[in-house]
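*Asks:* Have a look at this one.
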Amino acid sequence: MMLSADDMTALWVTVQLAAVSTGLLLLLATPLAWWLAHTRWRGRALIEALVTLPLVLPPTVLGFYLLLLLGPQGAVGGFLERIGVGHLAFSFSGLVVGSMVYSLPFVVQPLHNAFAATGSRVLEAAATLRAASLDRFLTISLPLARRGYLTAAVLAFAHTLGEFGVIIMLGGNIPGETRVASIAIYNHVEAMDYAAAHALALILVVLSLSLLTLVYALNRRLRIVGVTG
Amino acid sequence: MMLSADDMTALWVTVQLAAVSTGLLLLLATPLAWWLAHTRWRGRALIEALVTLPLVLPPTVLGFYLLLLLGPQGAVGGFLERIGVGHLAFSFSGLVVGSMVYSLPFVVQPLHNAFAATGSRVLEAAATLRAASLDRFLTISLPLARRGYLTAAVLAFAHTLGEFGVIIMLGGNIPGETRVASIAIYNHVEAMDYAAAHALALILVVLSLSLLTLVYALNRRLRIVGVTG
Amino acid sequence: ADIRVAVAANFSATLHALAVPYKAATGYQLIVSPGATGALYSQIVNGAPFDVFLAADKLRPQKLEEQGLAVVGSVFVYALGVPVLWSPVAGRVDDQGAVLTQGQFRHLAIAEPRTAPYGAAAQEILQALGLWDTLERQGQLVRGSSVAQTHSQIASGAAELGFVALSQVRTGQGISGSYWLPDPALYAPLAQAAVLLRRASANSQARHFLHWLQHDPQAQRIIEAAGYRRA
Amino acid sequence: MSIDARFRLRQGEFLLDVDLSLPGEGVTVIFGASGAGKSTLLRCVAGLEQATAGALSVNGVVWQREAFFLPVHQRALGVVFQEPSLFPHLNGAGNLRYGLKRTPVHERRISWDDVVQLLGIGPVLQQYPHTMSGGERQRIALGRALLASPRLLLLDEPLAALDDARKAEILPFLEQLRDHFSVPMLYVTHSLREVARLADSLVLLEAGKVRAHGPLQAMLSRLDLPLALVEDAGVVIEAVVAEHDAQWHLSRLEFSGGSLWVTRSSEPLGAAVRCRVLARDVSLALERNENSSIVNLLQAEVVEVAAADFPAHLLVKLDAGGTIILSRITRQSQARIHIFPGKRFWVQIKSVALLR
Amino acid sequence: MSIDARFRLRQGEFLLDVDLSLPGEGVTVIFGASGAGKSTLLRCVAGLEQATAGALSVNGVVWQREAFFLPVHQRALGVVFQEPSLFPHLNGAGNLRYGLKRTPVHERRISWDDVVQLLGIGPVLQQYPHTMSGGERQRIALGRALLASPRLLLLDEPLAALDDARKAEILPFLEQLRDHFSVPMLYVTHSLREVARLADSLVLLEAGKVRAHGPLQAMLSRLDLPLALVEDAGVVIEAVVAEHDAQWHLSRLEFSGGSLWVTRSSEPLGAAVRCRVLARDVSLALERNENSSIVNLLQAEVVEVAAADFPAHLLVKLDAGGTIILSRITRQSQARIHIFPGKRFWVQIKSVALLR
Ligand SMILES: Nc1ncnc2c1ncn2[C@@H]1O[C@H](COP(=O)(O)OP(=O)(O)OP(=O)(O)O)[C@@H](O)[C@H]1O
Ligand SMILES: Nc1ncnc2c1ncn2[C@@H]1O[C@H](COP(=O)(O)OP(=O)(O)OP(=O)(O)O)[C@@H](O)[C@H]1O
Ligand SMILES: [Mg+2]
Ligand SMILES: [Mg+2]
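Sequence order for the protein chains is A, B, C, D and E.
Here this note's numbering is used: the first residue of the first sequence is 2, the next is one more, and so on.
Here this note's numbering is used: the first residue of the second sequence is 2, the next is one more, and so on.
Here this note's numbering is used: the first residue of the third sequence is 640, the next is one more, and so on.
Here this note's numbering is used: the first residue of the fourth sequence is 41, the next is one more, and so on.
Here this note's numbering is used: the first residue of the fifth sequence is 41, the next is one more, and so on.
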């Protein structure tokens, strides 16, 4: 099965987008999930609900609002424009931001659960062994939340691969920059080129399946213990 | 803020769809997640990857394939047609199936994690107290996986609220039957009726936010303990 | 030497067909970004880097012109869409459209009338035939968000027939399945308009392309062969 | 009536390899150093180690044999794990009820009130496990196992986290289970006091293998086992209540080798009781000495003299009319009053613990 | 040098309310029934209960006072929790290294090899906690705390899961920590043997309050505390090595009330040692009796006679030249040889445990 050069590019952009936004999201969601798992603040429920919110809007509509926000006339985009960074619409960076917003709940939730399940006992033990809080986090909480990170990464990555609505609205289907595989498939379908659409979809599926299987198999191999040890 | 009667109907269909598909999904995903958490079969990684797959395809494309499968000429739709149930394309039941397929990973993953985190010790204790395996599952695993169920339900519910691609392809946007809020908002945006779009989006967001906040707050209230007890 | 074209999804295949001879003739490369007309409009309003907009309607180009986002006076109709009632199954649709009144189908697919011009045309046709209310009431009308989706719904066999664009079903070998071309009197013309966007006002290549699209005979031939009518 | 167990189980470097025939009633104590395989053995008996090659029958009922493996929940077991595995989502009462609810009414033999009162867990019934103290958790775990009215109890250091006073309350309850309800127990403990109190037979594990096993008295009086060397070494004597002395609150116990005065027993005359005589509480004298606070004097013949753990000490095995008694003396005493096999002495017993 | 601790903490029904001034060196044993608040007290000292109202200073350094609260990781503590909280994702060596790595090199005073060898954890260094036995886990937890070279050790029943032989190896190591590295310890245990061996002072908790506290000897010889009633009750005598007897492998200890022969001590002449005399090992006689295996005889005067836990028994407090000794006798003996305050007796001590 041969892919057109355009489709190859789209696939490559997709993989970059998924990797970058998943990576950044894991970084950014970690403190949020940690805070959610440990705070006793009564308003926590509202924050938890807010995190889930990106799921509630149809992706194109979310994309539309993000476009309004990140575009040159938007609050964020306008600000970035003024400080010389440039607004985020129709750029790869914009897509990264959009994907991150949209995948936020898939990352925060598993991490939150994983941090909550770790329990305080091992952290207390670490504190008595002279580990300060960041140290405890890095050496105890993080490794014990491995399964949560795996889930978060897999869901965010896969979700970004298949994302369409936010991306087409915010990214604008520009070849080589914001045209990802899902949009390329859409283009083929719109152009009634079903064969090309099927081919690209199949490749996406096969690639993802191999990657995910590999990840899960490795995880099994590396699996050490349950949390209760 | 006034909603049109059409939008009200769409909102109601949305809520029904989200509730029914989330409920069914929790039921069906439970044995799968349980099996994944406990099997030592080497092929498990492949199944885990397959579960994640619905995320990888763009929703409209997934919807298209589901349409092929569930329509009168599809394997499933054709079979249902022959036994007199009728095929599933353009019907509420079809939407339920579609949403379930699409939300599968969000439900299986948190449940899987929750079951895996429970550990074998309490289950062993229950077995020595004359509890057979189903009994152990219902009285120990299930309550200890509460947090996982909450996450699964919230993600699946919210995701179905916002779902668009699969639903419009598979459901055909029939008022009162398969027209959901996300399609209505999308149409308002496309038709440049931004006021109506904002209104409906706002209502969806406010409703979801209240519901989710309530759920999370109740969960906090009911929260008893971590798993480590 | 690149011209960035935002194009209504239904015309994207035709535009690709046009890009080849255009590049051969001028050396200019078209960068094609297909999308729903409404979405493209929103993107242009929010600063999308397109030079030329080929819309599926006349409304959006005109609005852009009014808003000062497009070069005044550059709007022109580059093609007229032709709706067709189509089924992939031979013999299901008769050449008078009587199948619509005989009701031998469970689902009739159309594009969303509010957002897709072909959907609006389909609605007008059905209303002219006095069938709209009945079909609507009986839940037989299936709406895709774009005419491409409508085509997919029919092609998958899930909807027995529906109104699509002639450009979607006409191939070099003619039209497979069965179809009915409604009388153009039954619906308002589906004018698809192009416009030069403001950021390209000084872009001579973009101007050249629009001129070529409007006046070049080869371009006209390709557009007609694809299933559109001339403006 | 016997428990026949044969298991072979490898876990990493560790290999459990046992073939035991244990009495099907009474308490069998499993004794051994940390890491010897005690908990693993109990897990095999409970059926929690599925991979085990082996066979197990409990009082005639086969629980495991070649391809056959009775699932854990069908074995009428009560297990107290070394680390209490309470259900974190149930409070104290909920944990206690868990096994009780699953026990058919006609099989219930152990009363809720007895358990709650004897274990002193009334105050924590409404608490969730994470708010309980270590000892409270362990008592709930014990109560939970008992309330399922098991036919075999597997107890892995059930009293390790408890203070002596609490232990003293619980031990008689376990004895009652053993005697009145004839529930056999496999009991892991490091406490020789609990051994003496409860055990009818004893298994000594070393690195996954059985070093020795047999009836309690025989095991305790063997000078070749490490049991004789510990500070609390001593023998257990089975005797009969022969006399009660109301004035001094004493009871006289009779056994083959004579009689002993102990703290007043609540048992009636003629009842069989058990008392413990520690080797270090036993001194030997050439003559009878009445002017001492030591009240218990027996005559016995030296059977064996062996080295103890310290070079200063010796262990002396004596036969008092058929009953074996151990004494720990110094080498100096041996030289001074000439202690050697065959010679008869007055055995002075400073203190006798009445166990039952 | 002192540890001043004042805490008030409510947890559900339970209220911990203590105000203690403890010696800033040596071992303070916290003693009390299950649920008395021992673990909670240690958690307060460690700083793991943040909500605590109170104040804490350790040898002059303030750890907590009104608004000030030194974070746990800045308190140079070693804690062994009642239920070992090993890190499940690290193997034995990883767990041991955790605190060690975080201790500045110049503060490291405890050697890896000593810890591994004395705790006998060499074989499990590569194992992960879920594959370790209960006792192995507890030893790793102890080693982990020690290797962080703490300036204060909080030990919550650190030896509860261990066999006597293993305990006997670990106790001297803890003594060494106390003496050579002057690490003060708060030590929770239910074992009077560990109390006698290690404790310099003793806190008796009851339902969250301090029932009594003070130096070990004073506490052990008080007949009004429940300590005197348990089976293992007895006193601890501080003495000096006065003579070694190579022939009999004995050493003679001298103290204010006389001298005692014990198993040969490895300490040099003149060294201060500690030995334990259990009340039940002490008998009283009117005359000196040489023809017995009992080698230790002292003269002492009865100070007090009190009821014991059983009506048959009495506790007698004696003064041997300034050293207090307890004896558990029967009422019958009291009547027979007339034991009452002021009268002098020969105190026969069957066995003396040399503790240090
Ligand atoms: N997966 C494993 N890999 C290596 N060694 C293991 C594994 N599982 C158990 N062991 C070893 O098996 C031995 C026996 O463990 P077990 O828990 O039966 O000991 P125990 O006699 O109960 O000791 P304790 O008194 O300390 O509880 C231990 O030394 C332990 O380290
Ligand atoms: N959240 C709570 N609600 C009610 N009671 C509590 C709570 N937390 C602790 N307690 C009670 O506080 C008491 C003291 O607990 P702590 O763990 O300090 O006891 P302990 O002296 O260490 O006992 P043990 O010897 O059994 O370990 C216990 O009776 C416990 O039930
Ligand atoms: Mg064990
Ligand atoms: Mg405690």
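No residue lacks a Cβ here, since even glycine has one placed at the ideal position from N, Cα and C.
All values reported here derive from a predicted model rather than from experimental measurement.
Quick check on this structure: which residue in E/H146, E/F109, E/R233 and E/F380 has the alpha carbon closest to the alpha carbon of E/A208?
*Replies:* Nearest C-alpha to E/A208: E/R233.
*Asks:* For D/Y227, does the three-state DSSP call read helix, strand or coil?
*Replies:* In the structure shown, D/Y227 sits in a strand (DSSP, three-state: E or B).
*Asks:* Nearest by alpha-carbon distance to D/E344: which of D/K383, D/H170 and D/A273 is it?
*Replies:* Checking every option, the nearest Cα to that of D/E344 belongs to D/K383.
*Asks:* What's the call for E/V387, buried or exposed, on a 16-neighbour Cβ count within 10 Å?
*Replies:* The residue in question, E/V387, is buried, as its Cβ has 16 or more Cβ neighbours within 10 Å.
*Asks:* Using a cut-off of 7 angstroms between C-beta atoms, extract the partners of C/S791 located in chain A.
*Replies:* Correct list: V190.
*Asks:* Let me see if you follow: with CB-CB separation under 9 angstroms, is B/Y103 close to chain C or not?
*Replies:* B/Y103 does not count as touching chain C.
*Asks:* Report yes if the C-beta of E/Q122 is less than 8 angstroms from at least one heavy atom of ligand 4; otherwise report no.
*Replies:* Yes, the Cβ of E/Q122 comes within 8 angstroms of a heavy atom of ligand 4.
*Asks:* Let me check you understand the geometry: is the CB of D/K78 closer than 8 angstroms to at least one non-hydrogen atom of ligand 1?
*Replies:* Flag set: Cβ of D/K78 near ligand 1.
*Asks:* Closest to D/G298 by CA distance: which of D/I389, D/A286 and D/V235 is it?
*Replies:* The shortest Cα separation from D/G298 among D/I389, D/A286 and D/V235 belongs to D/I389.
*Asks:* What does C/V642 touch in chain A if you count any residue whose Cβ is under 9 angstroms from its own?
*Replies:* According to the sequence displayed, residue 642 of chain C carries Ile and not Val. Simply none; closest approach about 13 angstroms.
*Asks:* Can C/S784 and C/A652 be called in contact, C-beta distance under 9 angstroms?
*Replies:* No; because the gap between Cβ atoms is not below 9 angstroms, this pair is not in contact.
*Asks:* Quick one: list the residues of chain A neighbouring E/L117, beta-carbon separation under 7 angstroms, in chain order.
*Replies:* Here the neighbours are T129.
*Asks:* What separation, rounded to the nearest whole angstrom, lies between the Cα atoms of B/G99 and B/G64?
*Replies:* C-alpha separation (whole angstroms): 7 angstroms.
*Asks:* C/P828 by DSSP, collapsed to three states: which one?
*Replies:* Three-state DSSP puts C/P828 in coil, outside helix and strand.
*Asks:* Would you please verify whether the beta carbon of C/G720 is less than 9 angstroms from any beta carbon of chain B?
*Replies:* It does not: the Cβ of C/G720 has no partner Cβ on chain B nearer than 9 angstroms.
*Asks:* Contact check, E/A45 vs E/V101 under 8 angstroms by CB: the rounded distance?
*Replies:* Actually they are not in contact, since the Cβ atoms of E/A45 and E/V101 sit about 13 angstroms apart, beyond 8 angstroms.
*Asks:* Residues in the same chain with beta-carbon distance under 8 angstroms from B/V226, minus the five sequence neighbours each way, listed in chain order, please.
*Replies:* Summary for B/V226: the model assigns pLDDT 42, below 50, so the residue's position carries little reliability, and this model does not support an answer.
*Asks:* Which term fits C/K662, buried or exposed, when burial requires 16 or more other beta carbons within 10 angstroms of its beta carbon?
*Replies:* It counts as exposed.
*Asks:* Using the beta-carbon count (16 or more within 10 Å), is A/L213 buried or exposed?
*Replies:* Buried, because 16 or more other Cβ atoms sit within 10 Å of the Cβ of A/L213.
*Asks:* Tell me whether D/P144 is buried or exposed, calling it buried when 16 or more other Cβ atoms sit within 10 Å of its Cβ.
*Replies:* Label assigned to D/P144: exposed.
*Asks:* So is B/D136 in contact with chain D if we call contact Cβ pairs under 9 angstroms?
*Replies:* With 9 angstroms as the cut-off, B/D136 counts as an interface residue toward chain D.
*Asks:* Skipping 5 residues on each side, what residues in its chain have a beta carbon closer than 7 angstroms to that of C/S817?
*Replies:* If we look at C/S817 and ignore the five residues flanking it on each side, its Cβ neighbours are S726, V728, A729, G730, R731 and V732.
*Asks:* I'd like to confirm something about E/F54: is its beta-carbon nearer than 8 angstroms to some heavy atom of ligand 2, or not?
*Replies:* Under cutoff, so the answer is yes.
*Asks:* How is C/L768 classed by DSSP in three states: helix, strand or coil?
*Replies:* C/L768 falls in the coil class under three-state DSSP.
*Asks:* Once the 5 residues before and after D/S189 are set aside, which same chain residues still bring their CB inside 6 angstroms of it?
*Replies:* Excluding residues within five positions, the ones whose Cβ falls inside 6 angstroms are T143, E147, R148, R149 and I150.
*Asks:* So the candidates are C/Q735, C/P700 and C/H655; which of them puts its Cα closest to the Cα of C/I764?
*Replies:* It is C/Q735 whose Cα lies nearest to the Cα of C/I764.
*Asks:* By DSSP, does B/P73 sit in helix, in strand, or in coil?
*Replies:* Looking at B/P73 - three-state DSSP - the assignment turns out to be coil, as it is neither helix nor strand.
*Asks:* Against chain A, with Cβ distances strictly below 9 angstroms, would B/V57 count as a contact?
*Replies:* For B/V57, the answer is yes, since a Cβ of chain A falls inside 9 angstroms of its Cβ.
*Asks:* List the endpoints of the continuous alpha helix (DSSP H) containing C/Q735.
*Replies:* Looking at the DSSP string, C/Q735 is not in any alpha helix (DSSP H), and its letter there is neither H nor E.
*Asks:* Report yes or no: is there a C-beta of chain A within less than 9 angstroms of the C-beta of E/V235?
*Replies:* False, the Cβ-Cβ gap to chain A never drops below 9 angstroms.
*Asks:* Can you pull the DSSP bridge partners for E/I389?
*Replies:* According to DSSP, E/I389 bridges with E/V322 and E/N336.
*Asks:* On the criterion of 16 or more Cβ atoms from any shown chain inside 10 Å, does A/A19 qualify as buried, or is it exposed?
*Replies:* Its Cβ being crowded by 16 or more others within 10 Å, A/A19 is buried.
*Asks:* Quick check on B/P111 - is its C-beta less than 9 angstroms from some C-beta in chain D?
*Replies:* Not one chain D Cβ lies under 9 angstroms of B/P111.
*Asks:* Just to confirm, is the Cβ distance from B/I1 to B/L105 under 9 angstroms?
*Replies:* The first residue shown for chain B is 2 and the last is 230, placing residue 1 of chain B beyond what the model contains.
*Asks:* Quick check on E/Q374: does DSSP put it in helix, strand or coil?
*Replies:* Correct three-state label for E/Q374: helix.
*Asks:* Put E/D196 into one of helix, strand or coil per three-state DSSP.
*Replies:* Looking at E/D196 - three-state DSSP - the assignment turns out to be strand.
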